[in-house]
Amino acid sequence: MSGTLRLNDTTFATETNGNITTNVSELKINDQTVIDSNKSLNVSDVKVGGNTVIDSNRKMTGVDIVPTTNFTFRNKIINGNLKSARVINQRGASSITGATGYTYDRWYYDGSTYLYQGIEDLNVNNGTYCVSWVGDNLIAHWALEDDNDTTPPYTAGPDSALTWNQVSKNSTFTINESPEHGKHLWIRFSLDTNGDFADLDKVQVEEGTVPTPFEHRPYGVELSLCQRYYEKSTEVTEQFPIFKAREADRLRLGTIQYKVTKRTTPSIVLLGANGDGGGTPSAASIGIYAFRTYCTSTGDSQSPFVNGYSAEAEL
Amino acid sequence: MNQEMNITSAKYAVDREGYNSAITATIDGITMSVPLDPANRHYKEIMRQVKAGTLVIQPADEPEQSEEN
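Going down the list, the sequences are from chains A and B.
In this text, residue positions in the first sequence follow the numbering used here: the first is 1, and each later residue adds one.
In this text, residue positions in the second sequence follow the numbering used here: the first is 1001, and each later residue adds one.
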């Protein structure tokens, strides 16, 4: 059933199956335009229930906002502000493609074709994700990785054999897994004919259906997020090492706490480890919170020391 | 393969009780202590190469008997 509302022989609105379509170009109340021909609301303030919720200065007050996605920590990508001077680069890579392996924090370059970042399973929920970035001539894919392999052969890191799905800039994909958690989400970029990884910037993967402005988190927060996967101490001098011991014919032990708790048990590199002629210090009792360094000297006067460390728990 | 690593040496390290607690490995030219954790990517790659028959993990040296203070 359909109908027409006419005033003074002019069609004001039509109705079809319950949908009303108005044909007016402007809506006026008491000779004041309320909605203009550009479909813009032309009022000084907006009231709900007699209370102003948007005032004439476009300030919203007295409103309960229930978002469908997070307001903060929207971006699942860590260290996505790639062209900024604030990009986090604890390894000191010359560029994001300056070496094969992890270069800028959280970014892995395979040495030829792909640039990857893995989002760990604990931060991946079922739902729709929107991918956005700055830069042209770049191609993005996503894939899920089940990291529950408990027997060899394992697969370390981004797996080319995963099912990779292409996703366009500012477009979405949906994850619907059962169980919900337990899979890492990988994002990778490759280049088309004219592409250059150096153009990639402001990478964002967020829950929701529309891209929002790149989320600039405080630098210290971003650094901490990176350090869940990799951290490196300053390599100090022998005069002021992070570990040094001198004790006759004893096992020398020291415990080093990480700055940030690690994703999983990390690999430890000791910097400047020196046994002073005896056993060289090594890492032991490695955990996600701390590790120990120890050695057994062979002489009373030996003073073994360690000048620094790195701890790595990347995907 | 994926994160291909050049592993030139791998040797178990033992804790004070004599149990294997880590692998001391040289990976891409860097010597590191790799925990026996399947979620650690270096351990994954070591075990993948062991399974493929391209790497053998050497047994640990006998633990030294020292008294801890």
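For every residue, glycine included, the Cβ atom is placed at its ideal position computed from N, Cα and C.
{"Check": "Which residues share a DSSP beta bridge with B:T1031?", "Outcome": "B:T1026"}
{"Check": "Between which two residues does the alpha helix (DSSP H) carrying A:H216 extend?", "Outcome": "Where A:H216 is concerned, there is no enclosing alpha helix (DSSP H), given that its DSSP letter is neither H nor E."}
{"Check": "Just the Cα atoms here: how many angstroms apart are A:I286 and B:V1014?", "Outcome": "12 Å"}
{"Check": "Got a sec, what are the start and stop residues for the beta strand (DSSP E) B:E1011 sits in?", "Outcome": "Just to set this straight, residue 1011 of chain B is Lys in the shown sequence, not Glu. That run of the beta strand (DSSP E) goes 1007 to 1014."}
{"Check": "Look at A:G121 and A:H184 and say whether their C-beta atoms are less than 8 Å apart.", "Outcome": "The sequence given here places Asp at residue 121 of chain A; Gly does not occur at that position. Taking 8 Å as the Cβ cut-off, A:D121 and A:H184 qualify as a contacting pair."}
{"Check": "Residues of the segment 303 to 315 of chain A in Cβ contact with chain B at a cutoff of 9 Å, in chain order, please.", "Outcome": "S310, E312, A313, E314, L315"}
{"Check": "For B:V1034, return the contacting residues in chain A, with the cut-off set at a CB-CB distance below 7 Å.", "Outcome": "S267"}
{"Check": "By Cβ distance below 8 Å, which residues in the same chain neighbour A:V46 in space, the five residues on each side in sequence not counted?", "Outcome": "T52, V53, I54"}
{"Check": "For A:M60, count neighbouring C-beta atoms within 10 Å of its own C-beta (all shown protein chains included) and say buried if the count is 16 or more, exposed if not.", "Outcome": "exposed"}
{"Check": "A:T264 versus chain B: which residues are under 7 Å apart at the beta carbon?", "Outcome": "D1037, A1039, N1040"}
{"Check": "When burial is assigned at 16 or more other CB atoms within 10 Å of the CB, is A:Q166 buried or exposed?", "Outcome": "exposed"}
{"Check": "For the segment 115 to 148 of chain A, enumerate the residues whose C-beta is nearer than 8 Å to any C-beta of chain B, in chain order.", "Outcome": "D147"}
{"Check": "Give the interface partners of A:A93 over in chain B, defined as CB-CB distance under 9 Å, in chain order.", "Outcome": "Correct list: empty, because the minimum Cβ distance to chain B is about 14 Å."}
{"Check": "Measure from the C-beta of B:T1008 to each C-beta in chain A and report whether the shortest distance is under 8 Å.", "Outcome": "no"}
{"Check": "How would you label A:T293, buried or exposed, when you count the other beta carbons within 10 angstroms and need 16 or more for buried?", "Outcome": "buried"}
{"Check": "Tell me the DSSP secondary structure of B:D1061 in three-state form.", "Outcome": "coil"}
{"Check": "If you measure from the beta carbon of B:D1015 to each beta carbon in chain A, is any gap under 8 Å?", "Outcome": "yes"}
{"Check": "With DSSP run on the structure shown, which of helix, strand or coil describes A:Y289?", "Outcome": "coil"}
{"Check": "Whose C-beta lies closer than 6 Å to the C-beta of A:G277 among residues of the same chain, with five residues either side of it excluded?", "Outcome": "Q302"}
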